[in-house]
Amino acid sequence: MATPKEVKLFGAAISGYCTVVHHALRLKGVVYDYVEVDLKNKSKEFLELNPVHKKVPVLVVDGKPIPESLVILQYVDETWKEEHPLLPQDSYLRSKVLFWADFIYHKMGPLSYAIRTTEGEAQNKAVEEFMGHLKTLEDGINKDIHVHGPFIHGEEPGLLDVILRPFKNGFQHLEQMIAGMKLLDKEHIPLLCSYMDAYAELAVVKDTELMLSQYGHA
């Protein structure tokens, strides 16, 4: 496969789904241009790139758009496969990583939205379910994936480490919104907290968040 010549990411600094793509590209050493999308006034150019969902992020490689962050992450890993693999080569282990990535996106993502937008009993129920999912995620990763090292994938960060960093930011934001709520409890999920803390110390992560802070959202 020929090396792509032009890479452009359309995103929004406020979106964790876009942040994961920034991290993946930077871990891979991919040079790319970034276009901040005004979510309240999306341009015609952007809407033509993602006419179905009309959402960020969209990665454009040599003029070809790829929408949806989880799809983009897999595309990036396959296209720049020689640099910092995000997914394991073993097909069974790769399937386990993708299973838990899907779990984060489709089980935990909607619950974090529910916690933000509900009150009272409904919110308490969402928090309880969310905490249960965090424990399920920790136990599943520890059983299915983790090998010795500071990251979920071992000595080097992989796909799940990349995905969880923006979620950690979201967890902390929820804790600030709701007094007394503690999602990132090291007694409840010690391994996940350790993985996320290790990933947060990477220069790639710090540089990305510094860049995004220029847009006033990070």
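Counting in UniProt numbering, the sequence shown runs from 1 upward without gaps.
We put the CB at the ideal spot given by N, CA and C, even for glycine.
Quick caveat: nothing in here was measured; it's all calculated off a predicted structure.
Taking all protein chains shown into account, E68 has 16 or more neighbouring C-beta atoms within 10 Å of its C-beta and is therefore buried.
The secondary-structure analysis by DSSP pairs D144 with nothing; it has no beta-bridge partner. Cβ contact annotation for A101 (same chain, cutoff 7 Å, sequence separation greater than five): L70, L159, L160 and I163, in chain order. Secondary structure note for K8: its beta strand (DSSP E) is the uninterrupted segment V7 to G11. Residue state for V20 is assigned as helix, using DSSP reduced to three classes.
Residue pairing by DSSP leaves K55 without any beta bridge partner.
Counting along the chain, K64 sits inside the beta strand (DSSP E) bounded by residues K64 to P67.
Three or more beta-carbon pairs drawn from the region 33-51 and the region 4-20 are found closer than 8 Å, and the two stretches are therefore classed as touching. Listed in chain order, the alpha helix (DSSP H) runs fully inside the UniProt domain "GST C-terminal" (90-218) are 91-103, 109-117, 120-144, 159-177, 190-200 and 203-213, counting runs of at least 4 residues. A distance of 7 Å or more separates the beta carbons of P85 and R94.
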